[in-house]
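*Asks:* Could you have a look at this structure, given as structure tokens, before my questions?
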Amino acid sequence: QEVTLTLPIGGMTCAGCAATVEKVLRRLPSVDAQVNFAAERAAVAYDPAQVSPQEMIAAVETAGYDVPPET
Ligand code: 9UX
Numbered sequence: 005q006e007v008t009l010t011l012p013i014g015g016m017t018c019a020g021c022a023a024t025v026e027k028v029l030r031r032l033p034s035v036d037a038q039v040n041f042a043a044e045r046a047a048v049a050y051d052p053a054q055v056s057p058q059e060m061i062a063a064v065e066t067a068g069y070d071v072p073p074e075t
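Numbering-wise, the UniProt record's numbering comes out as the position in the sequence shown, counting from 1, plus 4.
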């Protein structure tokens with residue numbers, strides 16, 4: 005089944021970066037993602053049987069962005 009979460013995304017400089025982050029997240033199995041550049045957040049829907057939030061964070065970091073801790 006699908007669950008949703010939002011992840012804070014750091015390091016995005018322009019809207020193109022948001023498109024890049026969407027692409028790297030959507031490459032993961034079952035993941036759909038919408039990244040809001042202005043809000044610096046990603047809204048993610050996924051199947052927890054197929055992918056974990058840690059894998060999403062790793063993918064974002066490999067792409068050169070980061071997932072800062074919530075404050
Ligand atoms: Mo915009 Mo992001 O030209 O790497 S896509 S800064």
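From the three backbone atoms N, C-alpha and C, an ideal C-beta is built for every residue, glycine too.
Let me check understanding here. Comparing Cα to Cα, which of Ala43, Pro33, Val39 and Gly14 lies closest to Ser56?
*Replies:* The shortest Cα separation from Ser56 among Ala43, Pro33, Val39 and Gly14 belongs to Pro33.
*Asks:* Please confirm whether any heavy atom of ligand 1 lies closer than 7 Å to the CB of Gly20.
*Replies:* Checking every heavy atom of ligand 1 against the Cβ of Gly20, one is found closer than 7 Å.
*Asks:* Using a Cβ-based criterion (distance less than 7 Å to any ligand heavy atom), does Thr66 qualify as near ligand 1?
*Replies:* Result no, Cβ not under 7 Å from ligand 1.
*Asks:* Identify every residue that forms a DSSP beta bridge with Thr8.
*Replies:* Answer is Ala49.
*Asks:* From the DSSP secondary-structure annotation, give me the bridge partner or partners of Ala37.
*Replies:* BP columns for Ala37 point to Val48.
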